[in-house]
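For reference, the structure is listed below as structure tokens.
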Amino acid sequence: MAKALRIAFIWDWNICPEQAITWQDGLAAALRVIAKNHNVILFTIDETRPDYVFPHPYFPIHVKQNGDNLRLHIKELKPDVILHWGDMTRPNGSVGTELGIPQAICFAGGHMEGPSLMHMDHIFV
Amino acid sequence: MGRSVSTAFGTNTDLFKPKMKPKVFDAFFPATFADWKRHKPLFAPAVYGLRACAVGYMYDSHEDWCWKSCEEAGVLTLPHVSAEALVHLYGSSHSVVITSRSDGGSQRSVLEAMAMNIQCIVMADSDKTSEYILAANLKPVEPHPQAIHEEILRVRGTTTNARNYIMQNWSEQHYADAILKGLNQII
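Protein sequence lines correspond, in order, to chains A and B. Going by the numbering used here, the letters in the first sequence line up with residues 1 to 125, in that order. Going by the numbering used here, the letters in the second sequence line up with residues 1001 to 1187, in that order.
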């Protein structure tokens, strides 16, 4: 079996708790499958509160108050790869480039052109 | 390193699976109430006089005509519900009707309906939603209220075997495999 990866997943939007707690679509289910054999750590943003952990039914989501806290946590985590979920306008699309970590994005619809595009090594559509 | 692109998509087949439920609705449309979903020009007039339900994020600040047109047409109009509740609404419906434009998304809802073996009616002018229907040997309908209405009546009381197609192509396992393949290419 291939080496277990450490994957940081960034849901790069301000959290909407109502949406987050009910997030059980194909992507959430796929991440749950991946997490059986790999270390998947999920992140999102909530600018209104200090960092906390959101109790999603499939996995904990680390909610960071801002991009600086997100970068610090990911730097300490040293993931093999970063997987984003969003479009190409998200504010933390450059985190992998800044930390020297390869990154991909699950394109969620929205803007296909934007500052994040140049920071992605792979795009899932 | 050059940027690569691949397809990774699928649905939660563990959650969305066939349910034996009493059929309450002729037509069900799960989608944000947004203009590109075409509630007002297509869904609302197509289901007028039928038992229909539409559910999704509702906004007063913009495009409120989407949910208002449904209410005026006698559609049970609900705000966003949990995934577990969504399963029961799908299961209580004879058909899922997706009137979204090609740039309006809704592929996720198409896969969910197909995974539950529910008749899924999509528009022939949306290549995004039609892709899955055509691949499962089903047929999209013309984006016209009367054509949609007739299709809802035609499929009422029937189901599909589309879950087999989903399990062979678009399950969460396929989604996970596609993501891992892409990630391993860039590590």
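Every residue, glycine too, gets a C-beta built ideally from N, C-alpha and C.
Problem - Member of A:K64, A:L5, A:V40 and A:R32 whose CA lies at the smallest distance from the CA of N92 of chain A - result: A:K64
Practice task
Put H1144 of chain B into one of helix, strand or coil per three-state DSSP.
Solution key: coil
Exercise for the section: Helix, strand or coil for C16 of chain A, going by three-state DSSP, please let me know. Expected result: The answer is coil: DSSP assigns C16 of chain A none of H, G, I, E or B.
Practice task
Let me know the secondary structure DSSP gives I41 of chain A once reduced to three states.
Solution key: strand
Practice task
Check whether the stretch 83-90 of chain A touches the stretch 99-106 of chain A, counting contact only when three or more Cβ pairs, one atom from each stretch, lie closer than 8 Å.
Solution key: Touching, per the Cβ criterion.
Practice task
State the Cα-Cα distance for the pair N1012 of chain B and G26 of chain A, rounded to the nearest angstrom.
Solution key: 4 Å
Exercise for the section: Measure the C-alpha to C-alpha separation of A30 of chain A and F107 of chain A and round it to an integer number of angstroms. Expected result: 15 Å
Practice task
Starting from the C-beta of P1022 of chain B, find all residues in its chain whose C-beta is less than 8 Å away, skip the five residues before and the five after it, and write them out in chain order.
Solution key: S1092
Exercise for the section: State the beta-bridge partners of C1120 of chain B as determined by DSSP. Expected result: According to DSSP, C1120 of chain B shares a beta bridge with B:V1096.
Handout entry: Proximal residues, the stretch 1029-1040 of chain B versus chain A, C-beta separation under 9 Å
Key = none
Handout entry: Buried versus exposed, by CB contacts within 10 Å (16 or more), A1162 of chain B
Key = buried
Problem - Contact check, D1198 of chain B vs R1051 of chain B, beta carbons under 7 Å - result: No information on residue 1198 of chain B is available, as it lies outside the stretch 1001 to 1187 that chain B covers here.
Handout entry: Residue-level contact to chain A via CB, S1109 of chain B, 7 Å cutoff
Key = no
Handout entry: Rounded separation between E98 of chain A and D80 of chain A - CA only
Key = 14 Å
Exercise for the section: For V63 of chain A, write down the residues that DSSP places opposite it in a beta bridge. Expected result: A:T44 and A:Y52
Practice task
Assign M1001 of chain B to one of three DSSP states: helix, strand, or coil.
Solution key: For M1001 of chain B, the predicted model reports a pLDDT of 49, less than 50, meaning its position is unreliable; a value from the coordinates is still stated below. Here M1001 of chain B sits in coil by DSSP.
Practice task
Enumerate, from N- to C-terminal direction, the unbroken beta strand (DSSP E) stretches of 3 or more residues contained entirely within the stretch 63-91 of chain A.
Solution key: Secondary structure within the stretch 63-91 of chain A: the beta strand (DSSP E) runs of 3 or more consecutive residues, fully enclosed, are 81-86 (chain order).
Exercise for the section: Report the residues of the stretch 5-18 of chain A with a CB closer than 8 Å to any CB of chain B, ordered along the chain. Expected result: L5, I7 and E18
Exercise for the section: For L72 of chain A, count neighbouring Cβ atoms within 10 angstroms of its own Cβ and tell me buried if that reaches 16, exposed if not. Expected result: exposed
Practice task
Have a look at W11 of chain A and S1106 of chain B and give me their C-alpha separation to the nearest angstrom.
Solution key: 20 Å
Exercise for the section: Check the Cβ-Cβ distances between I34 of chain A and every residue of chain B, and say whether any is below 7 Å. Expected result: True, the Cβ-Cβ gap to chain B drops below 7 Å.
Problem - Per-residue burial, S1102 of chain B [other beta carbons within 10 Å of its own, 16 or more giving buried] - result: exposed
Handout entry: For A1124 of chain B and P1143 of chain B, believed in contact at Cβ under 8 Å, the rounded distance
Key = 7 Å
Handout entry: Range of the contiguous alpha helix (DSSP H) that encloses G31 of chain A
Key = The question names Gly, but residue 31 of chain A in the sequence shown is Leu. Counting along the chain, the alpha helix (DSSP H) containing L31 of chain A begins and ends at G26 to I34.
Practice task
Identify every residue that forms a DSSP beta bridge with Q1185 of chain B.
Solution key: None, per the DSSP bridge assignment.
Handout entry: Three-state class that DSSP yields for S1130 of chain B in the structure shown
Key = helix
Practice task
Kindly indicate which residue of A:G114, A:H119 and A:G110 has the alpha-carbon position closest to the one of S94 of chain A.
Solution key: A:H119
Problem - chain B within 7 Å of T22 of chain A, Cβ atoms only - result: yes
Problem - Secondary structure, alpha helix (DSSP H): runs of 4+ residues fully inside the stretch 1027-1078 of chain B - result: 1044-1047 and 1065-1072
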